[in-house]
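2 protein chains.
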Amino acid sequence: MYQRPRPNVEDEAEDKEQRESQAPPTRPENTNLSSAKTAAKPAPGDQGVIEVQGVYIISVAARILDMHPQTLRKYEKLGLINPGRTIGMLRLYSIEDIKKVQLIRYLSDELGLNLAGVEFALAAFDNMTAIKQRMDSRLEGIPAAQQAVHEEMDLLFESLNLPHDH
Amino acid sequence: MYQRPRPNVEDEAEDKEQRESQAPPTRPENTNLSSAKTAAKPAPGDQGVIEVQGVYIISVAARILDMHPQTLRKYEKLGLINPGRTIGMLRLYSIEDIKKVQLIRYLSDELGLNLAGVEFALAAFDNMTAIKQRMDSRLEGIPAAQQAVHEEMDLLFESLNLPHDH
DNA sequence: AAAGTCTGATACGTGTTGTGTCAAGGCATG
DNA sequence: CATGCCTTGACACAACACGTATCAGACTTT
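Chains A and B, in that order, are what the protein sequence lines are.
Residue numbers for the first sequence follow my numbering, so the first one is 55 and each next one is one higher.
Residue numbers for the second sequence follow my numbering, so the first one is 55 and each next one is one higher.
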């Protein structure tokens, strides 16, 4: 019933990367817990290179979202989200991950989409965002055209009934 | 579970029209069967104004599509399709209606979307098509910009895994 | 008049979805 | 090292969605 994820418009560029999950997660090179578990403010000695702003393990993320941890694991298995990992393979949910789950819940609960539909919609958003940027850079020297494209693409996003962000 | 249809980007323009079904169908002014039922080629005396190319009653449409008539009625009740009517309120399926049902079936069977997802996808296609045209007309004097927008929007359509047409 | 369609309702089998639980093992921390 | 939370994988269950099917009573078409 479930299909492989749709071809992404960004594919021609980066190709060596993680292909929006679907492949089993791999152990990261360097991360450990002990600064996560609750909102991990950057350690005083940090050089600000990694810049972790808020990272939660699954139990905390589930409590924040008021969802079952198994649901989050299921979403990840289906490729809908892609949280980071500690060296010990613990899932680490960033603010963006949390927001994405909230978007998924909106699409599912409010619009009535099933998970295949959510996958489709997320891919559509990503592709629309990418295309918008591509058009923007292709119209570099023509500010009037950039303006028109911006306005119309924003209209398009609004027409898809999104809550606010993304 | 089901929401009202999303706001359409074309709304600001035509507003008196049929709002993509959802309202109960009304009796048309002038149509009768007798040239439909099988592919109705235009009668010899036709002035070519109406230009009916192929119109089928529900039983024939269901046979063509290899689907149950109840399924077609259900799609219409949900606002996914909007076939014409005879004066006697018999449904008349045009070639475009048939194609739309085939698209619905593709989205449902192949991509696994439920009907809410199909509604979302169809609305997305319509809005994308409308936005593309609006951008095109706004970029009238700038062929280079029109070219870029056309190419990128076509890319976007491709990325949504459509079969071919639409 | 016969055949087919209309609307509206009800029903049923199958599949999806969120949630829940279990087992066996690994990591973090006191 | 013991405790607690995490990991993966599997299985289960209630509620719901969907396509199909059927019925009744009225209307349309030929």
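Note that beta-carbon positions come from the ideal geometry of N, C-alpha and C, so glycine has one too.
Subject >> Pairwise C-alpha distance: L216 of chain A and V299 of chain A >> reply: Lying before the first or after the last residue shown, residue 299 of chain A is absent from chain A, which here runs from 55 to 220.
**OP:** Taking S173 of chain A as the reference, give the member of A:I111, A:P82, A:E212 and A:K131 with the closest Cα.
**Re:** Taking the first residue of the first sequence as 1, we reach residue 173 of chain A at position 119. Here residue 173 of chain A is Glu; the residue named in the question, Ser, does not match the sequence. The residue with the shortest Cα to Cα distance from E173 of chain A is A:K131.
Original post:
Helix, strand or coil: how does DSSP classify L146 of chain A here?
Top reply: As a position in the first sequence, residue 146 of chain A is number 92, starting the count at 1. Taken through DSSP and simplified to helix, strand or coil, L146 of chain A comes out as strand.
**OP:** Determine the burial state of D151 of chain B: buried for a count of at least 16 other Cβ atoms within 10 Å of its Cβ, exposed for fewer.
**Re:** Against the second sequence, residue 151 of chain B aligns to sequence position 97. Around the CB of D151 of chain B, 16 or more other CB atoms lie within 10 Å, so the residue is classed as buried.
Subject >> Secondary structure of G166 of chain A, DSSP reduced to three states >> reply: Counted from its first residue, the first sequence places residue 166 of chain A at position 112. Residue state, collapsed to three classes: coil.
Subject >> Own chain residues within Cβ distance below 6 Å of L161 of chain A, not counting five before or after >> reply: Translated into positions along the first sequence, residue 161 of chain A becomes position 107. Answer for L161 of chain A: L167, V172 and A175, listed in chain order.
Original post:
Going by alpha carbons, who is nearest to T183 of chain B out of B:E206, B:A170 and B:D163?
Top reply: Here residue 183 of chain B refers to the residue found at position 129 of the second sequence. Here the closest residue by C-alpha is B:E206.
**OP:** Measure from the alpha carbon of P137 of chain B to the alpha carbon of each residue in B:F211, B:L169 and B:Y110, then state which is nearest.
**Re:** In the second sequence, residue 137 of chain B corresponds to position 83, counting from 1. Considering only alpha carbons, the answer is B:Y110.
Subject >> Proximity to L165 of chain B [Cα-Cα], best of A:Q201, A:I112 and A:A177 >> reply: Your numbering for residue 165 of chain B matches position 111 in the second sequence. For L165 of chain B, the closest of A:Q201, A:I112 and A:A177 by C-alpha to C-alpha distance is A:A177.
**OP:** Give the residues of chain B in contact with L167 of chain A, contact being defined as C-beta atoms less than 8 Å apart.
**Re:** Numbered from its first residue, the first sequence carries residue 167 of chain A at position 113. Per Cβ cutoff of 8 Å: L167, N168, A170, G171 and F174.
Original post:
For the alpha helix (DSSP H) that L132 of chain B lies in, which residues bound it at each end?
Top reply: Taking the second sequence and counting its residues from 1, the one referred to as residue 132 of chain B is at position 78. No alpha helix (DSSP H) contains L132 of chain B, which DSSP labels as neither H nor E.
**OP:** Check whether the Cβ atoms of G108 of chain A and I141 of chain A sit closer than 8 Å, and answer yes or no.
**Re:** Your numbering for residue 108 of chain A matches position 54 in the first sequence. Your numbering for residue 141 of chain A matches position 87 in the first sequence. Note that the C-beta distance between G108 of chain A and I141 of chain A is not below 8 Å.
Original post:
Closer than 7 Å, Cβ to any Cβ of chain A: which residues of the segment 145-163 of chain B, in chain order?
Top reply: So the list is empty, because no residue satisfies the distance condition.
Original post:
If you count every other CB in all the chains shown that lies within 10 Å of the CB of V103 of chain A, and 16 or more means buried, which is it?
Top reply: As a working note, residue 103 of chain A is residue 49 in the first sequence. Residue placement at V103 of chain A is flagged as unreliable, the pLDDT there being 38, under the threshold of 50; the coordinate-derived value follows with that caveat. The residue in question, V103 of chain A, is exposed, as its Cβ has fewer than 16 Cβ neighbours within 10 Å.
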